[in-house]
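Residue numbers (the UniProt record's numbering): 1 to 393.
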Amino acid sequence: MMASADLRDELNCSICLNIYTDPVTLTCGHNFCLLCIGNVLDTQQESGIYTCPECRAESQDRPALQRNTTLCNITDRFRSAQQMEEDTGIACTYCLHILVPAAKTCLLCEASLCETHLMVHSKSAEHVITEPTTFLENRKCSVHKKALEYYCTFDATCICVYCNVIGDHKGHQVKILNEASENKKNNLRDNLKVLMSQRVGAEERVASLQKHRTDVKEKAVVETERVTAVIREIREQLEAVEKQVLGEISNQEEQVSLQVSNLIQQLELKMEELARKIIHTEELLNITDPLTVLQEKESLSAGFYAVQRGGGEVLGDLDLGPEVGAAEGGPSEARRGGGVAWEESGSRPRGTPHLPPPPFSLFFFSLFFFFSHSLSLSLSLSVSPHAPTMKRR
């Protein structure tokens with residue numbers, strides 16, 4: 001490797017300090033890159049004196065540049081070998097003047113060999129040839145410092161020949177590395193088939209789960225639109241019912257208020273008459289003449305009885321039916337209220353305005369029944385029985 005470094009130094013251009021590119025030679029014998037020396041000579045043209053960047057030899061005329069074919073071939077081979085070394089990372093140990101990539105590594109010699117040196121290397125069994133590697137210590141027995149040549153099936157470890165003959169693995173069944181490696185590769189191939197099958201199964205399951213998720217999203221959109229439409233319709237009907245009920249309350253309030261106002265007016269007139277009767281009665285009580293008192297008896301009694309007969313009116317009240325009151329108690333009251341019978345007009349107290357049963361009673365029953373039963377909505381988003389199910393851990 002030191003020789004390779006020295007060779008690289010000899011192949012460097014003194015101007016760009018890189019390996020020669022299209023090397024040319026001056027008359028003094030020094031070599032430069034064609035482009036590098038051309039730029040230097042261009043800068044010297046104005047002065048009229050041309051000098052070599054290496055030896056400072058001067059010339060009045062611009063030097064002729066001769067292509068160095070031999071050096072060009074050397075640099076090309078060096079670049080090729082350097083690239084191969086960068087690819088493999090290992091160079092031949094015995095190629096001292098140029099970098100040549102190693103083809104194999106001898107564990108016994110602890111040397112990497114190019115194709116040329118591999119042909120002349122020893123073919124004895126002691127020289128274990130492997131793929132190029134720099135980690136030679138990992139391929140030697142830690143006890144006997146010999147190359148690992150066998151595989152102990154009992155201890156499942158690689159051993160050297162001394163481990164099998166005199167070491168801890170004496171008498172154990174062993175295989176050569178190539179045979180043991182091939183057996184392990186066969187097992188790995190079987191494992192690979194199982195893994196590939198499991199991966200295919202996982203991919204199919206992922207596809208099935210993705211389809212299931214898509215189906216759930218689509219069903220959720222449909223259910224959302226349906227529930228939104230139902231709630232919108234309920235809201236519109238509630239607003240209509242609210243308007244109807246408030247109008248009915250206002251109408252009944254006006255009727256009852258008018259009736260009460262009339263009754264109050266009648267009672268105020270009777271109160272004035274009663275006041276006069278009271279004054280007249282008190283005056284009779286103060287009279288000492290018996291004849292006068294007795295003569296006033298009939299007219300007083302007649303007036304008193306007339307007042308009594310005029311005080312039997314029964315006032316009306318707001319009456320919106322049992323369903324409205326039941327609705328205030330919630331869905332259970334509304335369902336019970338739905339079965340209450342309306343009073344016939346003949347059984348209502350006299351003086352109370354007769355109102356027909358509210359037309360919205362059936363709507364309230366339907367509304368609360370819907371919320372109690374239909375909107376216990378579990379999005380029935382299950383797909384086919386073959387759809388995958390996810391277990392919660």
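For every residue, glycine included, the Cβ atom is placed at its ideal position computed from N, Cα and C.
Contact under 8 Å by Cβ, I19 with R79: Counting from one through the sequence shown, the residue named residue 19 turns up at place 19. Counting from one through the sequence shown, the residue named residue 79 turns up at place 79. Taking 8 Å as the Cβ cut-off, I19 and R79 qualify as a contacting pair.
Sheet register partners of L113 (DSSP bridge): Translated into positions along the sequence shown, residue 113 becomes position 113. According to DSSP, which records beta bridges pairwise, L113 is partnered with K104.
What residues in its chain sit with their C-beta under 7 Å from that of E54, if we drop five residues either side in the sequence? As a working mapping, residue 54 is identified with position 54 in the sequence shown. These residues qualify, in order along the chain: S14 and H30.
Would you call the segment 169-183 in contact with the segment 147-156, where contact means no fewer than 3 C-beta pairs closer than 8 Å? yes
Would you identify the three-state DSSP class for G62, choosing helix, strand or coil? Here residue 62 corresponds to residue number 62 of the sequence shown, with the count starting at 1. According to the sequence displayed, residue 62 carries Arg and not Gly. DSSP places R62 in coil when its eight states are reduced to three.
Alpha-carbon spacing of I278 relative to E248, whole angstroms: Here residue 278 is taken as the residue at index 278 of the sequence shown, counted from 1. Here residue 248 is taken as the residue at index 248 of the sequence shown, counted from 1. Distance between the alpha carbons of I278 and E248 is about 44 Å.
Kindly indicate the opening and closing residues of the beta strand (DSSP E) around A176. Looking up residue 176 in the sequence shown gives position 176. Reading off the sequence shown, one finds Ile at residue 176, where the question assumed Ala. Start and end: V174 to I176.
The segment 190-206 / the segment 214-226 touching (three or more Cβ pairs under 8 Å): no
For Y305, which residues from the same chain have a beta carbon less than 7 Å from its beta carbon, with the 5 sequence-adjacent residues on both sides left out? As a working mapping, residue 305 is identified with position 305 in the sequence shown. Confidence at Y305 is low in this model, with a pLDDT of 47, below 50, so its placement is unreliable and the value that follows should be read with caution. For Y305, where only same-chain residues beyond five positions count, there are no Cβ hits under 7 Å.
Counting along the chain, where does the alpha helix (DSSP H) carrying I37 start and finish? If you number the sequence shown from 1, residue 37 lands on position 37. Per DSSP, the unbroken alpha helix (DSSP H) holding I37 starts and ends at L34 to Q44.
Assuming V24 contacts Q66 under a Cβ cut-off of 8 Å, what Cβ separation, rounded to an integer in Å, is found between them? For the purposes of this step, residue 24 is taken as the residue at position 24 of the sequence shown. For the purposes of this step, residue 66 is taken as the residue at position 66 of the sequence shown. With 8 Å as the limit, V24 and Q66 qualify as a contact, their Cβ atoms being about 6 Å apart.
What is the C-beta distance between K104 and I129, in whole angstroms, given that I count them as a contact (C-beta under 8 Å)? Against the sequence shown, residue 104 aligns to sequence position 104. Against the sequence shown, residue 129 aligns to sequence position 129. That belief holds up - the Cβ atoms of K104 and I129 are roughly 5 Å apart, short of 8 Å.
Based on Cα-Cα distance, which residue from C158, L118, Y162 and E236 lies nearest to E179? The residue labelled residue 179 in the question sits at position 179 within the sequence shown. Looking only at C158, L118, Y162 and E236, the smallest Cα-Cα distance to E179 is reached by C158.
Once you ignore the five residues that flank C16 on each side, which residues in its own chain have a CB closer than 8 Å to its CB? Counted from its first residue, the sequence shown places residue 16 at position 16. Closer than 8 Å at Cβ, skipping near neighbours: C33 and C36.
Closest by CA to H117, which one among R232, V100, S124 and R235? Numbered from its first residue, the sequence shown carries residue 117 at position 117. The candidate whose alpha carbon is nearest that of H117 is V100.
Counting C-beta neighbours from all protein chains within 10 Å, is the total for A147 16 or more, i.e. buried, or is it exposed? In the sequence shown, counting from the first residue as 1, residue 147 sits at position 147. Buried: at least 16 other Cβ atoms inside 10 Å.
Only counting the same chain, and skipping five residues up and downstream in sequence, which positions put a Cβ closer than 8 Å to that of Y50? Position 50 of the sequence shown, counted from the first residue, corresponds to residue 50. The answer, listed in chain order, is L41, Q44, E58, S59, Q60, D61, R62 and P63.
Please state the DSSP three-state secondary structure of N262. Locating residue 262 in the sequence shown gives position 262, counting from the first residue. The answer is helix: DSSP assigns N262 an H, G or I state.
What's the call for C28, buried or exposed, on a 16-neighbour Cβ count within 10 Å? The sequence position of residue 28 within the sequence shown is 28, counting from 1. C28 should be labelled exposed.
Where does A147 fall in DSSP's three states? Numbered from its first residue, the sequence shown carries residue 147 at position 147. In this structure, A147 counts as strand in the three-state DSSP scheme.
Three-state secondary structure (DSSP) of A275: As a position in the sequence shown, residue 275 is number 275, starting the count at 1. Of the three classes helix, strand and coil, the one that applies to A275 here is helix, per DSSP.
Assuming S112 contacts C92 (C-beta within less than 8 Å), just tell me the rounded distance between them. In the sequence shown, counting from the first residue as 1, residue 112 sits at position 112. In the sequence shown, counting from the first residue as 1, residue 92 sits at position 92. Yes, S112 and C92 are in contact; Cβ-Cβ is about 6 Å, under 8 Å.
Give me the Cα-Cα distance between V143 and E115, rounded to the nearest whole angstrom. On the sequence shown, residue 143 is found 143 positions in, with the first residue counted as 1. On the sequence shown, residue 115 is found 115 positions in, with the first residue counted as 1. When rounded, the distance between both Cα atoms is 32 Å.
Endpoints, alpha helix (DSSP H) assigned at C160: Within the sequence shown, residue 160 is the residue found at index 160, counting from 1. Per DSSP, C160 lies in no alpha helix (DSSP H) segment and is marked neither H nor E.
Length of the line joining the Cα atoms of V230 and Q244: Here residue 230 refers to the residue found at position 230 when the sequence shown is read from its first residue. Here residue 244 refers to the residue found at position 244 when the sequence shown is read from its first residue. About 21 Å.
CA-to-CA distance, T224 to residue 439, given in whole angstroms: The question about residue 439 has no answer, for the chain in this structure spans 1 to 393.
Shortest alpha-carbon distance to T124 belongs to which of L258, S208, V293 and L108? Taking the first residue of the sequence shown as 1, we reach residue 124 at position 124. Note on identity: in this sequence residue 124 is Ser, with Thr being the wrong assignment. Ranking L258, S208, V293 and L108 by Cα distance to S124 puts L108 first.
Please report how far the alpha carbon of T288 lies from the alpha carbon of L294, in whole angstroms. Within the sequence shown, the letter at position 288 stands for residue 288. Within the sequence shown, the letter at position 294 stands for residue 294. Their Cα atoms are separated by approximately 11 Å.
Cut-off 7 Å between Cβ atoms - residues of its own chain near E296, not counting five sequence neighbours on either side: Stepping through the sequence shown from its first residue, residue 296 is reached at position 296. So the list reads L284, once near-sequence residues are dropped.
Where the beta strand (DSSP E) containing T25 begins and where it ends: The residue given as residue 25 occupies position 25 in the sequence shown. Per DSSP, T25 belongs to the beta strand (DSSP E) from P23 to T25.
For the alpha helix (DSSP H) that V293 lies in, which residues bound it at each end? As a first step, residue 293 must be located in the sequence shown, where it is residue number 293. Where V293 is concerned, the enclosing alpha helix (DSSP H) stretches over P290 to Q295.
In DSSP terms, what A91 is bridged to: The count along the sequence shown starts at 1 and reaches residue 91 at position 91. Answer is P101.
Tell me whether A102 is buried or exposed, calling it buried when 16 or more other Cβ atoms sit within 10 Å of its Cβ. Taking the sequence shown and counting its residues from 1, the one referred to as residue 102 is at position 102. Buried, by the Cβ-count rule.
May I ask you to list the residues that DSSP assigns as paired with I19? Here residue 19 refers to the residue found at position 19 of the sequence shown. Looking at the DSSP assignment, I19 forms a beta bridge with N12.
May I ask you to list the residues that DSSP assigns as paired with I129? Taking the sequence shown and counting its residues from 1, the one referred to as residue 129 is at position 129. Answer by DSSP bridge pairing, in chain order: C106.
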